[in-house]
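When you line the sequence shown up against our numbering, it's residues 1290 to 1511, in that order.
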Amino acid sequence: MNCLTVRVLLVLSLTTLHTVRGEFVTVRDASTPNRTLLCWAIKLSPTAYVTDAECVRSYRKHQIVMIYGDIAPAPAVRERLGRKVASLRQHPDCQHRVPPLVLVSAISAGSNRSVLDQTVRNFIASYAMLSTARTKACRECQVLAIRRILPCPATPGTVVLYSNCLKQMDAIETALAVKSQQRRDTWVWKLRRKLKATLYADLERLHRERLEMLNFMTTARR
């Protein structure tokens, strides 16, 4: 997959799914039962979110989760994080040295090698996750990587969180497949029960008709 193909795919994905809203996510403590709110993060790309460095200073990636669409941030939070994202998008060095769509490989542990295929799949999956969220239930994603040090003059205290929505999408697809199979099994069971009841009724009717015919023939011979 060459660079031009990837760009075309990403543009088409954005064009097709531009109506989906998911600009902010909540960053929460994964170790607490009620998922304690730590801070907010704002979308840099469908799989990269910008937040304050102090928020995740003492946390590792497996200790926090990102939850989509449960509550809304205050205007002050929106403005502060918006400035951080603007500094990354507008500065030429940041545009090239902090690629928003590059994810750390989840396959090879300890490797900083980016996986383009996984990036594109996550790009589409993040939108699909939001578009399939028909209820108000929270959609939770794991943090795939935390980029604490940015190699460009971004706004001080800026951290980029990379999320992996593929696991979440796989879980949704599995649940839908299970429900579909359950509905099919229920339909088959009802059909068999109906056919069985109909078959017994037909057999009983034929048996009665034969008895009546035999009785008629016996009576006619007398």
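No residue lacks a Cβ here, since even glycine has one placed at the ideal position from N, Cα and C.
Nearest to residue i (by Cα), restricted to the options the options
| i | options | result |
| --- | --- | --- |
| S1452 | I1435, A1490 and A1466 | I1435 |
| L1327 | Y1348, E1312 and T1336 | Y1348 |
| R1369 | K1479, E1493, K1485 and A1342 | A1342 |
| R1437 | P1322, T1325, R1367 and K1350 | K1350 |
| A1365 | L1465, W1478, D1318 and I1331 | I1331 |
| L1433 | L1377, R1372, E1498 and I1353 | I1353 |
| V1448 | T1315, R1472, K1373 and R1378 | K1373 |
| L1377 | T1340, R1494 and A1490 | T1340 |
| A1338 | V1467, L1500, T1487 and C1454 | The residue asked about is misnamed: residue 1338 is Tyr in this sequence, not Ala. Checking every option, the nearest Cα to that of Y1338 belongs to C1454. |
| D1359 | S1334, L1492, N1323 and H1385 | N1323 |
| R1346 | G1446, A1375, C1383 and Y1357 | G1446 |
| V1387 | R1367, L1439 and G1371 | L1439 |
| Q1379 | E1493, A1443, V1314 and C1344 | A1443 |
Helix, strand or coil at residue i according to DSSP, with G and I counted as helix
| i | result |
| --- | --- |
| E1312 | coil |
| N1323 | coil |
| A1342 | helix |
| A1477 | Before going further, note that residue 1477 is Val rather than Ala in the sequence given. Reduced to three states, the DSSP call for V1477 is helix. |
| L1439 | coil |
| T1294 | Confidence at T1294 is low in this model, with a pLDDT of 43, below 50, so the placement of that residue should be treated as unreliable; the coordinate-derived value is given next. Helix at T1294. |
| S1469 | helix |
| D1318 | strand |
| A1434 | strand |
| A1337 | strand |
| Y1451 | strand |
| Y1357 | strand |
| R1378 | helix |
| R1428 | strand |
| A1330 | strand |
| T1444 | coil |
| Y1489 | helix |
Status (buried if at least 16 other CB within 10 Å, exposed otherwise) for residue i
| i | result |
| --- | --- |
| W1329 | buried |
| S1320 | exposed |
| M1355 | buried |
| R1317 | buried |
| A1361 | exposed |
| Y1357 | buried |
| R1428 | buried |
| T1336 | buried |
| A1509 | exposed |
| S1469 | exposed |
| V1477 | exposed |
| T1507 | exposed |
| V1467 | exposed |
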